[in-house]
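Q: I'd like to ask some things about the structure below.
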Amino acid sequence: MESQTERDAPVAIVTGAARGVGAATAARLALRGYTVALIDIPAEAPGRVAPVPGPYVAATGSDLDLAAASCVGRGHAWAADVRDDIAVSAVVESVLERFGRIDAVIAAAGAVAGGAPIWETTNDVWRSMIEINLTGVFNIARATIPAMLASPEPRNGRFVAVASAAAHHGLPQLGAYSAAKHGVAGLVKALAAELGSSGISANAVAPGSTDTAMLQASAAIYGLSDPRDFADQARIGRLLDPDEIAATIEWLCTDAPAALTGSVIDVDGGFRP
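Given below as structure tokens:
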């Protein structure tokens with residue numbers, strides 16, 4: 010059972026929270042005083058919709074438990090596949106029943122697949138990329154925004170999606186992924202327009218080449234033996250650390266960017282495709 014202090018704390022939901030940017034964000038928000046609901050779907054979980062085609066390796070239950078443990082006693086793990094709208098809604102209902110509020114939502118769940126030009130892209134790759142990277146953001150937004158709007162005024166809600174440098178650039182052999190991330194940017198801009206003066210902002214961050222499992226899979230897709238080869242795409246000359254992306258997301262969840270909504274913020278080290 011949660012303590013009264015935890016019950017009174019702001020609550021954040023983070024999808025894709027088992028590792029990478031999601032885990033780093035969850036840890037930062039916990040240190041800031043948030044109670045954090047970490048959502049991910051371990052590779053071995055029975056609720057997983059389908060594996061991601063190609064070299065991408067999904068997180069495990071141990072990854073999710075470790076990420077929750079890194080949240081200084083404020084992290085709580087739930088297993089759900091963001092592609093499954095019913096499962097996502099059930100987790101959100103559980104969070105509301107347990108903590109009574111939602112103050113910030115971070116849609117960080119993602120995966121990468123590809124390796125062929127668009128005209129040779131399989132249906133499995135296309136569906137997987139759209140469903141995880143775009144529909145997953147839609148599902149968590151649809152499940153959480155009504156509860157955020159139901160909170161008393163003045164509101165100070167935050168919705169942040171993790172897009173990608175691929176939201177601005179067409180990346181060869183990653184057409185489905187690029188399309189999905191462009192979609193995330195459009196979804197966030199539309200959501201911001203709809204939320205208007207409600208007191209809830211909607212923004213996205215667009216990371217460049219970040220040292221994560223997704224970058225390892227991208228390297229394999231491009232036939233690279235070392236993901237650090239992607240450092241050449243950044244003007245800063247190195248890969249980004251997930252915590253550097255998380256730092257921007259954390260800032261977006263503070264009072265400071267109250268006038269910022271409908272924006273896609275590049276956190277890409279000066280990405281040059």
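Residue numbers for the sequence shown follow the working numbering, so the first one is 10 and each next one is one higher.
Glycine included, every Cβ here is placed at the ideal spot set by N, Cα and C.
Mind checking who residue 168 pairs with in its DSSP beta bridge?
A: The residue given as residue 168 occupies position 159 in the sequence shown. Paired residues: 114, 211.
Q: Using only alpha-carbon positions, find the residue among 89, 119, 192, 28 that is nearest to residue 80.
A: Working through the sequence shown from its first residue, we reach residue 80 at position 71. It is 28.
Q: Run the CB neighbour count on residue 92, radius 10 Å, all protein chains shown included, and call it buried at 16 or more, exposed below.
A: Stepping through the sequence shown from its first residue, residue 92 is reached at position 83. Residue 92 comes out buried.
Q: How long is the line joining the alpha carbons of residue 142 and residue 17, rounded to whole angstroms?
A: Position 133 of the sequence shown, counted from the first residue, corresponds to residue 142. Position 8 of the sequence shown, counted from the first residue, corresponds to residue 17. So the two alpha carbons sit approximately 32 Å from each other.
Q: Count Cβ pairs between the segment 38-47 and the segment 271-281 that sit closer than 8 Å; are there 3 or more?
A: Cβ pair count under 8 Å is below three, so no.
Q: Residue 71: which of 52, 58, 268 sits nearest, CA to CA?
A: Residue 71 sits at position 62 when you count from the first residue of the sequence shown. Nearest option by C-alpha distance: 52.
Q: Based on the DSSP secondary-structure assignment, which residues constitute the bridge partners of residue 283?
A: A question about residue 283 goes unanswered here, because the residues of the chain that appear run from 10 up to 282.
Q: I believe residue 86 touches residue 77 by the beta-carbon criterion, under 8 Å. Please report the beta-carbon distance rounded to the nearest angstrom.
A: The count along the sequence shown starts at 1 and reaches residue 86 at position 77. The count along the sequence shown starts at 1 and reaches residue 77 at position 68. That belief holds up - the Cβ atoms of residue 86 and residue 77 are roughly 4 Å apart, short of 8 Å.
Q: Do residue 63 and residue 122 have their C-beta atoms closer together than 7 Å?
A: By one-based count along the sequence shown, residue 63 stands at place 54. By one-based count along the sequence shown, residue 122 stands at place 113. Yes, they are a contact pair.
Q: Go ahead and pull the three-state DSSP assignment for residue 90.
A: Numbered from its first residue, the sequence shown carries residue 90 at position 81. If DSSP states are grouped into helix, strand and coil, residue 90 belongs with coil.
Q: With 16 other CB atoms within 10 Å as the buried threshold, where does residue 132 fall?
A: One-based indexing of the sequence shown puts residue 132 at position 123. By the neighbour-count rule (16 or more Cβ atoms within 10 Å), residue 132 is not buried but exposed.
Q: Out of curiosity, what's the CA-to-CA distance linking residue 10 and residue 43?
A: Indexing the sequence shown from 1 puts residue 10 at position 1. Indexing the sequence shown from 1 puts residue 43 at position 34. Residue confidence is low: residue 10 scores 48 on pLDDT, short of 50, so the model does not pin down where it sits. No coordinate-derived value is stated.
Q: Can you give me the C-alpha to C-alpha distance between residue 120 and residue 189, rounded to a whole angstrom?
A: Locating residue 120 in the sequence shown gives position 111, where the first residue counts as 1. Locating residue 189 in the sequence shown gives position 180, where the first residue counts as 1. Distance between the alpha carbons of residue 120 and residue 189: 11 Å.
Q: For residue 146, which residues of its own chain have a beta-carbon under 7 Å away from its beta-carbon, when the five flanking residues on both sides are left out?
A: As a first step, residue 146 must be located in the sequence shown, where it is residue number 137. Around residue 146: 116, 170, 193, 196.
Q: At which residues does the alpha helix (DSSP H) containing residue 252 begin and terminate?
A: In the sequence shown, counting from the first residue as 1, residue 252 sits at position 243. From DSSP, the alpha helix (DSSP H) with residue 252 extends over 251-261.
Q: Three or more beta-carbon pairs under 8 Å between the segment 165-181 and the segment 232-241, yes or no?
A: They do not touch, by the three-pair rule.
Q: Could you give the first and the last residue of the continuous beta strand (DSSP E) run that contains residue 21?
A: Here residue 21 corresponds to residue number 12 of the sequence shown, with the count starting at 1. Start and end: 20-24.
Q: Could you pull out every residue in the same chain whose Cβ sits closer than 6 Å to the Cβ of residue 187, ignoring the five residues on either side in sequence?
A: For the purposes of this step, residue 187 is taken as residue 178 along the sequence shown, with counting starting at 1. Excluding positions up to five away in sequence, the list reads 175, 179, 180.
Q: Relative to the C-alpha of residue 134, which candidate in 61, 154, 98 has its C-alpha closest?
A: Indexing the sequence shown from 1 puts residue 134 at position 125. Checked all of 61, 154, 98; the closest Cα to residue 134 is 61.
Q: Give the straight-line distance between the Cα atoms of residue 24 and residue 199, rounded to the nearest whole angstrom.
A: Walking along the sequence shown from the start, residue 24 turns up at place 15. Walking along the sequence shown from the start, residue 199 turns up at place 190. Cα to Cα, residue 24 sits roughly 20 Å from residue 199.
Q: Do you know whose CA, among 97, 221, 243, lies nearest residue 150's CA?
A: Walking along the sequence shown from the start, residue 150 turns up at place 141. That would be 97, whose Cα lies nearest to the Cα of residue 150.
Q: Is the beta carbon of residue 110 closer than 7 Å to that of residue 5?
A: Residue coverage of the chain in this structure runs from 10 to 282, which leaves residue 5 outside it and unanswerable.
Q: So if DSSP puts residue 216 in a beta bridge, which residue, or which two residues, is it bridged to?
A: Within the sequence shown, numbered from 1, the residue matching residue 216 stands at position 207. BP columns for residue 216 point to 276.
Q: For residue 242, which three-state DSSP category applies?
A: Along the sequence shown, one-based indexing puts residue 242 at 233. Residue state, collapsed to three classes: helix.
Q: Which class does residue 203 belong to by DSSP, given the choice of helix, strand or coil?
A: Along the sequence shown, read from residue 1 onward, the residue named residue 203 stands at position 194. Of the three classes helix, strand and coil, the one that applies to residue 203 here is helix, per DSSP.
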